[in-house]
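S.K.: Handing you a structure now.
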Amino acid sequence: MLGALAALAVFGPMLGDGDLAPDDAETTAEGADDSESTAELSEAPPMLGPVPDLVDLDGWLQTDAHSFDHFAGRVRIVQFWTFTCSNCRATIPHLQEIYADAGPRGLEIIGVHAPEFDRERDPEAIAAAAVELGVSWPIALDTEKVNFRSWQGNRRFWPRTYVIDQNDQIRFDHIGEGDYDELAATVDWLLANPPEATT
Amino acid sequence: MIQLFIEGVSSALLPCSLTLAIPALAVALASRTESTAGLLGYGAALLGSSWLRFSDRSAELTPLTIAGLMAAGTVILVLPVIRRLDVISALGGLLVGVAAAALWEPCVGAAFGGLLDDLPSSGVLGLLRFSIYLIGVVTPMIGVGVVMHYLPDVVTLPLRPVMLVVGVVTLAVLSFTVAIGRQDEILARLTELSV
Numbered sequence: 000m001l002g003a004l005a006a007l008a009v010f011g012p013m014l015g016d017g018d019l020a021p022d023d024a025e026t027t028a029e030g031a032d033d034s035e036s037t038a039e040l041s042e043a044p045p046m047l048g049p050v051p052d053l054v055d056l057d058g059w060l061q062t063d064a065h066s067f068d069h070f071a072g073r074v075r076i077v078q079f080w081t082f083t084c085s086n087c088r089a090t091i092p093h094l095q096e097i098y099a100d101a102g103p104r105g106l107e108i109i110g111v112h113a114p115e116f117d118r119e120r121d122p123e124a125i126a127a128a129a130v131e132l133g134v135s136w137p138i139a140l141d142t143e144k145v146n147f148r149s150w151q152g153n154r155r156f157w158p159r160t161y162v163i164d165q166n167d168q169i170r171f172d173h174i175g176e177g178d179y180d181e182l183a184a185t186v187d188w189l190l191a192n193p194p195e196a197t198t
Numbered sequence: 000m001i002q003l004f005i006e007g008v009s010s011a012l013l014p015c016s017l018t019l020a021i022p023a024l025a026v027a028l029a030s031r032t033e034s035t036a037g038l039l040g041y042g043a044a045l046l047g048s049s050w051l052r053f054s055d056r057s058a059e060l061t062p063l064t065i066a067g068l069m070a071a072g073t074v075i076l077v078l079p080v081i082r083r084l085d086v087i088s089a090l091g092g093l094l095v096g097v098a099a100a101a102l103w104e105p106c107v108g109a110a111f112g113g114l115l116d117d118l119p120s121s122g123v124l125g126l127l128r129f130s131i132y133l134i135g136v137v138t139p140m141i142g143v144g145v146v147m148h149y150l151p152d153v154v155t156l157p158l159r160p161v162m163l164v165v166g167v168v169t170l171a172v173l174s175f176t177v178a179i180g181r182q183d184e185i186l187a188r189l190t191e192l193s194v
């Protein structure tokens, strides 16, 4: 292990910063620690690229929606989660707080449930867990993890939280717990400064 | 740094990390008396490969490549049955570790999440912080290998054939299911059996 660490420490600088995709560079520029986040954004949140669609879903819970298009034109938080993941569960009270504050102003949260275990594939179990955990927002069932993979590519994690603006652009992307102030500030900024509609 | 290590150790105990723990245990069993070397190879490969992957410095491996790496590692762990060498076990563990890193989909806490957000641009410092977290994750697994390594022969000798079969069958099943794209199901079942 120590040998490998030493080798990687030697070769690390040679690898430099790697070939950063613009999306990653912009994500990084925003900072990730709670300590760096602010209650209000000083500038517009970065454009991180167009939002992919949610495809091949096995249905929806807690909504009349039949597709992701149902929520088009609104500010959306999209979170990939699964109900037995303790890190995902830890984010729920923070999402509840943001939903209570910004929901009446137009925010929608979509929890994309990507199961890890067999018992997490059962819609009844997911619905029961949602009630138990206080998840009141729409849930998209990504049972085969098609969207979990297509949205996240080679860097796949539970949970992962995105904010989508009114023009279907990703404006926030965070891995894991934390960064709730930045999340709330991004939502507030987008609700207060809606981008011009694109045709 | 300490927070990252603690988060790594605690995440090793979560079901999400059993994707790593199951192949690690299989490597330890298949390596038999050289379980420490096998797991050190596994841990080193896991660290290097997952850092490359999560920092966007490597391309996604195809299922067939992952299955091939795991199968090759299994064969290397098994072949020199009579006279075992540490380096051979380490090499076998290393190949399995590369495969496991490609399958890993971690559950992420606040400290690791902040690190991952920055990892593509954080260079050597990011690698060092990532190493701290990974050392936390693999410490319990390496610990199992060390315990197995130092168990007295009178305990392990009668069990060695069984340990070998269990380790090899587990890795072979994982290789096959990865090759046919059904690894999620088998890992979920193995994980549910183990928790």
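Each protein sequence line maps, in turn, to chains A and B. Just so it is clear: in the first sequence, position 176 is 175 by numbering that gives the first Met the number 0, and no numbers are missing. Just so it is clear: in the second sequence, position 155 is 154 by numbering that gives the first Met the number 0, and no numbers are missing. Where a beta carbon is used, it is the ideal one built from N, C-alpha and C, also for glycine. All values reported here derive from a predicted model rather than from experimental measurement.
1. Would you say Gly7(B) faces chain A, with C-beta separation under 7 Å as the test?
2. Taking the beta carbon of Thr61(B) as the centre, do at least 16 other beta carbons fall within 10 Å, making it buried, or is it exposed?
3. Whose CA, out of Arg188(B), Ile179(B), Ile185(B), lies closest to the CA of Ile65(B)?
4. Would you mind sorting Ile138(A) into buried or exposed? The rule is 16 or more other CB atoms within 10 Å of its CB.
5. For Val54(A), does the three-state DSSP call read helix, strand or coil?
6. Can you give me, in chain order, the residues of the region 154-168 of chain A that have a beta carbon less than 9 Å from any beta carbon in chain B?
7. Name the one or two DSSP bridge partners that Phe79(A) has.
8. By Cβ distance below 6 Å, which residues in the same chain neighbour Phe272(B) in space, the five residues on each side in sequence not counted?
9. Could you pull the start and end residues of the beta strand (DSSP E) that Arg170(A) belongs to?
10. Taking Ala89(B) as part of the alpha helix (DSSP H), name the residues at either end of that continuous run.
11. Relative to the alpha-carbon of Ala89(A), which residue among Asp187(A), Gly175(A), Asp180(A), Glu181(A) has its alpha-carbon at the smallest distance?
12. Does the beta-carbon of Asp183(B) have 16 or more other beta-carbons within 10 angstroms, so that it is buried, or is it exposed?
13. Report the neighbours of Glu176(A) on chain B: residues whose CB is nearer than 8 Å to its CB, in chain order.
14. DSSP three-state label for Ala43(B), please.
15. Tell me whether the region 121-131 of chain A and the region 5-19 of chain B touch, counting them as touching only if at least three CB pairs, one residue from each stretch, are closer than 8 Å.
16. Taking Cβ to Cβ, would you say Ala100(B) is nearer than 7 Å to Leu45(B)?
17. Would you please verify whether the beta carbon of Asp57(A) is less than 7 Å from any beta carbon of chain B?
18. Which residue from Pro22(B), Gly42(B), Val145(B) puts its Cα closest to that of Val136(B)?
19. Which same chain residues, not among the five before or five after Leu189(A), have their C-beta less than 8 Å away from its C-beta?
20. For Leu60(A), which three-state DSSP category applies?
21. Measuring only between beta-carbons, confirm whether Asn86(A) sits less than 7 Å from chain B.
22. CB-CB under 6 Å to Met0(B), same chain, minus the five flanking residues each way: which ones, in chain order?
23. Interface residues of chain A around Ala187(B) at Cβ under 7 Å?
24. Given a limit of 9 Å on CB to CB distance, which residues of the region 60-71 of chain A reach chain B?
M.R.: Well, looking at it:
1. no
2. exposed
3. Ile179(B)
4. buried
5. coil
6. Arg154, Arg155, Phe156, Trp157, Pro158, Arg159
7. Val111(A), Arg159(A)
8. As shown, chain B starts at 0 and ends at 194. That puts residue 272(B) outside it, with no answer to give.
9. 169-174
10. 85-102
11. Gly175(A)
12. buried
13. Val107, Gly108, Ala109, Gly112
14. helix
15. no
16. yes
17. no
18. Gly42(B)
19. Pro44, Val74, Val162, Asp164, Gln165, Arg170
20. strand
21. yes
22. Ile131
23. Glu115, Phe116, Asp117
24. none
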